[in-house]
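Read top to bottom, the protein sequences are chains A and B. Just so you know, my numbering puts the end of the first sequence at 438, numbered straight through with nothing missing. Just so you know, my numbering puts the end of the second sequence at 917, numbered straight through with nothing missing. First the structure, in the form of structure tokens, and then the observations on it.
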Amino acid sequence: MSDFYDLETLALHAGHVPDKNGGSRAVPIHQTTSYMFQDSRHAAALYNMEEGGHLYTRISNPTVAVLEQRVAAMEGGVAATACASGMAALHLVTTMLASAGDHIVSTAQLYGANINLLKNTMPRFGVETTFVHGRDLDGMKAAIQENTKFLFCELIGNPGLDVLDIDAVVKIADEAGIPVVMDATFCTPYLFKPFDHGVSVITHSLTKWLGGHGVAIGGAVVDGGNFNWGASDKFPTLTSQHYALDGINFWEEFGPAALTQRIRAEGMYNFGPALSPTNAFHILQGIETLHMRMERHIANARAMVEFLKNHEMVSWVKHPELEDHPDHEIAKRILPKGAGSMIGFGVKGGRKAGAAFIESVELASHLANVGDAKTLVIHPASTTHSHISADDMKAGGLSEDMIRLSVGLESIDDLKKDFNQALKKASRVAS
Amino acid sequence: MRFELDGNEVYASTGGREHKDGQPWLIFLHGAGSSHLVWSQQSRSFAYAGYNVLALDFPGHNLSGGEPLKSVDEQAAWVLGVMNHLGVEKATLVGHSLGGLICLEMEHLAPGRIEKIAFVATSYRVPVGEPLLDNADNREQLAKNAMTAWGLGPEAHHFENTVPGFSHIGFGLRTMDLNPEGAVAADLHACNNYDSGEAKAAKVRCPTLCVFGGKDKMTHIKSGMKLAEALPDNTLHILKESGHTIPGERPHELNVFLREFLKG
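Structure (structure tokens):
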């Protein structure tokens, strides 16, 4: 038996004890911009990071802090910082660790906006990224330079559904003395615990499975606290004097939580990607049932894989649990509870037939999200990944005819019926 | 700040401020398997309140070099060596758990140089169970897990935290991980072997403060009360909901108690 609470308990309780004043059992929404200081000493102490507390909601907020502490608990991290979106989370990590002249190595199998940030936006600020296929471990090793600050990856690539051999990737990063930063949105702590495998920083889009209800955008950076920032002079943003706070050295003052405190003091302060307290509340409601929803997501996804695999109008199906998936063995080893509820498939008849399918579904929703309780479909080549080049699409495992399916929690029979009628309509276009 | 003592590098957090002539000295001593990081909610706060702060990493802990010391006597002699090296004539000591035992020994070792002592979650005798010692010697990670689990009160296990986003469990475990292998075992054996505290507590001449946690499973409050009762000039505060890790679990209350104690 573990010394600590299990994931299911943490999902319901972590970060909050019932309010001592009002007795509120649910997490209260602290809808306020700012907080009364007890006196001038207290005000100065909060600004100077002498003690914990809240001074302005752009920096931190009690409701948001519950969410942060819950996500940190579920991931087994040392701390977490919630922010406006998953993209804000990656931006925070990138800008806190890398400066002009620095370099990042990333797997190529990523969400389109992650690619765009690293490939097109950060170079304008002097930070370059080399993209390497997740299976090209030698290439990954060779791509690491003296000025490389971290190795970025997604465990289950979006939308190609490639599964990374994370243990091999962490070994490469360890040998180079750099941390692995993982966007763990697609796996959630229910399916995979990145810190147990040596990952040092996690980014999440909380909008997806963690929130799960499609009502609130949010993100988080979870600090594993397991990387020794002081072992080299590679990370001056954490180990040398800060420009403010009297030259605070985050590594010396906060040790394993140095990155979190730098994010709080600089990232949240200067960029301001704060999560609203109300959104934090909504996401917390979702997290409470994560474990139960994930079981159903996985069960429905497995049933839909079987259904699509055997449907005459479907030309191909991609899911890591299928034996013909190139990463099937890796998925079996590191994702024993399930390889996610995303499925890629092609409709016979090409792009036109695919469009007809998407326009014909009645139960599934055609929209730009994943990980919702409701089943979602989209054509990535013309939407989520339309801003990236044909070469990048190919590298990301994305084809022109691909339909991205995020399997929800509906009755599996109703889902099959809906897909069957939509595929029939698509067959008329194809013929 | 970093300096060399007995051929090894020593790290002490100054709370982010340079020491100034004429300011009172405040030395924080950490518990078993921990480091200066346990005082992260105190060191900066008191440095900016006008104290010359030293939150030490003991030898072989976190940023200090050398080998972990094997007894409370050696640890106290080492702290006295730090004071001598830095020219600190008199200081107030704040000791958490094992650090409290070192405070007792310091008062015995350097009478007149200790102005006040704050004992946090400790006693004059801190015996360690054989299973924990065995794990520390042979299965260090299990010992760290147990110390973290027992060292935190129920609210910390619920991830309640005054520092936004922080996890007591994660921070505690990772702080211990920053120490080289063997530090936990050396500290726990030092605690367990220290058996001269009762007589020394009765002879403490300076004013003292005891702050104990009502839900402390590492040093039970009954044990702490024996120290409080033995100290001749003591002020006692009990934080009913706190576990053993008072500096992190109840930083605001502890800091208020310390401020009042230092002023008095």
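From the three backbone atoms N, C-alpha and C, an ideal C-beta is built for every residue, glycine too.
Contact list for residue i against chain A, beta-carbon separation under 8 Å
i         : result
PHE711(B) : None at all; the shortest Cβ gap to chain A is about 15 Å.
GLU813(B) : GLY22, HIS23, VAL24 and GLN76
ALA802(B) : ASP10 and PHE11
SER849(B) : Under the 8 Å cutoff, chain A gives no residues; its nearest Cβ is about 32 Å from SER849(B).
SER666(B) : GLU259 and GLU260
DSSP beta-bridge partners of residue i
i         : result
SER212(A) : GLY226(A)
GLU662(B) : GLU657(B)
ASP190(A) : GLU161(A) and THR210(A)
SER776(B) : DSSP, once it has assigned bridges, lists no residue as partnering SER776(B).
MET275(A) : According to DSSP, MET275(A) bridges with nothing at all.
PHE819(B) : ALA86(A)
CYS863(B) : PHE772(B) and LEU889(B)
ALA767(B) : The sequence given here places Ile at residue 767(B); Ala does not occur at that position. Answer is ALA744(B), bridged to ILE767(B).
PHE352(A) : VAL324(A) and ILE410(A)
HIS7(A)   : Summary: the structure shown does not reach residue 7(A), with chain A confined to residues 8 through 438, and so no result is reported for it.
HIS749(B) : VAL773(B)
TYR197(A) : The partner list for TYR197(A) (beta bridge, DSSP) is empty, contrary to what the question assumes.
SER1(A)   : Absent from the structure is residue 1(A), since the part of chain A shown begins at 8 and ends at 438.
SER372(A) : LEU383(A)
Contacting residues, own chain, Cβ-Cβ under 6 Å from residue i (five flanking each side not counted)
i         : result
LEU58(A)  : The identity of residue 58(A) in the sequence shown is Glu, whereas the question assumes Leu. For GLU58(A), where only same-chain residues beyond five positions count, the Cβ hits under 6 Å are ALA52.
TYR63(A)  : SER41
MET94(A)  : ALA120
VAL216(A) : Here the sequence assigns Trp to residue 216(A), which means Val is not the residue at that position. Closer than 6 Å at the Cβ level, and outside the excluded window around TRP216(A), lie THR195 and GLY378.
HIS110(A) : GLU135, GLN152, ASN154 and THR155
ASN286(A) : ALA223 and GLY225
HIS714(B) : SER688, ASN832 and ALA836
MET871(B) : TRP803, GLY804 and HIS897
LYS344(A) : LEU198
THR114(A) : GLY141 and CYS160
LEU266(A) : ASP230
SER239(A) : GLY184
Proximal residues to residue i (C-beta, below 8 Å), its chain only, five neighbours per side dropped
i         : result
LEU374(A) : LEU383 and ILE385
ASP790(B) : ALA838
LYS200(A) : GLU82 and GLY83
TYR777(B) : LEU754, LEU757, GLY850, GLU851, LYS853, ALA854, LYS879, LEU880 and ALA883
Close beta carbons around residue i, own chain, < 7 Å, minus the five adjacent residues each side
i         : result
GLY703(B) : GLN676
ALA700(B) : THR667, GLY668, GLY669, ARG670 and VAL706
Proximal residues of chain A, C-beta to C-beta of residue i below 7 Å
i         : result
LEU669(B) : Just to set this straight, residue 669(B) is Gly in the shown sequence, not Leu. The answer, in chain order, is ASP253, ILE255 and GLU260.
SER750(B) : Those do not exist, as SER750(B) stays about 18 Å from chain A at its closest Cβ, beyond 7 Å.
SER693(B) : GLU260 and PHE261
Contacts of residue i in chain B (Cβ-Cβ under 7 Å)
i         : result
TYR12(A)  : HIS810
SER67(A)  : PRO817
ALA80(A)  : PHE812 and SER820
SER72(A)  : The sequence as given places Ala at residue 72(A); Ser does not occur at that position. Ordered by position in chain B, the residues that pass the 7 Å Cβ test against ALA72(A) are PRO817 and GLY818.
GLY378(A) : Simply none; closest approach about 23 Å.
ALA175(A) : Neighbours of ALA175(A) on chain B: none; closest Cβ ~23 Å, over 7 Å.
HIS61(A)  : PRO817
GLY83(A)  : GLY823
GLU135(A) : Going along chain B, no residue has its Cβ under 7 Å from GLU135(A), so there is no contact; the nearest lies around 30 Å.
THR267(A) : GLY818
GLU313(A) : Residues of chain B passing the Cβ test: none, with the nearest at roughly 40 Å.
Partners in chain B for residue i, counting only beta-carbon separations shorter than 9 Å
i         : result
PRO263(A) : LEU690, GLY823, PHE824, LEU826, ARG827, THR828, ASP830 and LEU831
HIS298(A) : The premise fails here: HIS298(A) is roughly 17 Å from chain B at the closest Cβ pair, so nothing lies under 9 Å.
GLU15(A)  : Within 9 Å Cβ-Cβ: nothing; GLU15(A) doesn't reach chain B, min ~14 Å.
ALA86(A)  : ASN814, VAL816, PRO817, GLY818, PHE819, SER820, GLY823 and PHE824
ILE369(A) : Correcting the residue identity first, residue 369(A) is Glu in this sequence and not Ile. Ordered by position in chain B, no residue passes the 9 Å Cβ test against GLU369(A), which lies about 42 Å from the chain.
Contacts of residue i in chain A (Cβ-Cβ under 9 Å)
i         : result
ALA799(B) : ASP10
SER724(B) : Simply none; closest approach about 26 Å.
Interface residues of chain B facing residue i [CB-CB closer than 8 Å]
i        : result
ALA91(A) : Simply none; closest approach about 15 Å.
| query | the region 891-914 of chain B: which residues have C-beta closer than 8 Å to a C-beta of chain A, in chain order? | reply | Hits within the stretch, in order: PRO904, HIS905 and ASN908.
| Ranges of the alpha helix (DSSP H) found wholly within the region 107-172 of chain A, counting only runs of at least 4 | As far as the region 107-172 of chain A is concerned, its whole alpha helix (DSSP H) runs of at least 4 residues are 119-123 and 144-150.
| Members of the region 28-56 of chain A that neighbour chain B once the beta carbon cut-off is set at 9 Å | Against chain B - using a Cβ distance shorter than 9 Å - the residues of the region 28-56 of chain A are ARG48, ALA51, ALA52, ASN55 and MET56.
| Short-range partners of chain A found in the region 826-847 of chain B, where Cβ spacing is below 9 Å | LEU826, ARG827, THR828, ASP830 and LEU831
| Which parts of the region 36-61 of chain A are runs of the alpha helix (DSSP H), unbroken and 4 residues or longer, counting only runs that do not cross its ends? | Runs found: 47-54.
| query | Which runs of the beta strand (DSSP E) fall wholly inside the region 375-414 of chain A and span at least 3 residues, in chain order? | reply | 383-385 and 409-413
| message | If the cut-off is 7 Å on Cβ atoms, which residues from the region 676-687 of chain B count as contacting chain A, listed in chain order? | response | Here the close residues number zero.
| query | Which parts of the region 668-711 of chain B are runs of the alpha helix (DSSP H), unbroken and 4 residues or longer, counting only runs that do not cross its ends? | reply | 696-700
| said: Taking beta-carbon pairs under 7 Å, can you tell me which members of the region 212-236 of chain A lie near chain B? | reply: Flagged, chain order: GLY232 and ASN233.
| chain B contacts from the region 99-121 of chain A (Cβ-Cβ distance under 8 Å) | none
| field | Contact set between the region 695-721 of chain B and chain A, restricted to residues whose Cβ is under 9 Å from the partner | value | Within the region 695-721 of chain B, the qualifying residues are GLN695, SER696, ARG697, SER698, PHE699, ALA700, TYR701, ALA702, ASN715 and LEU716.
| If you measure beta-carbon to beta-carbon, which residues of the region 269-295 of chain A are closer than 8 Å to chain B? | ARG271
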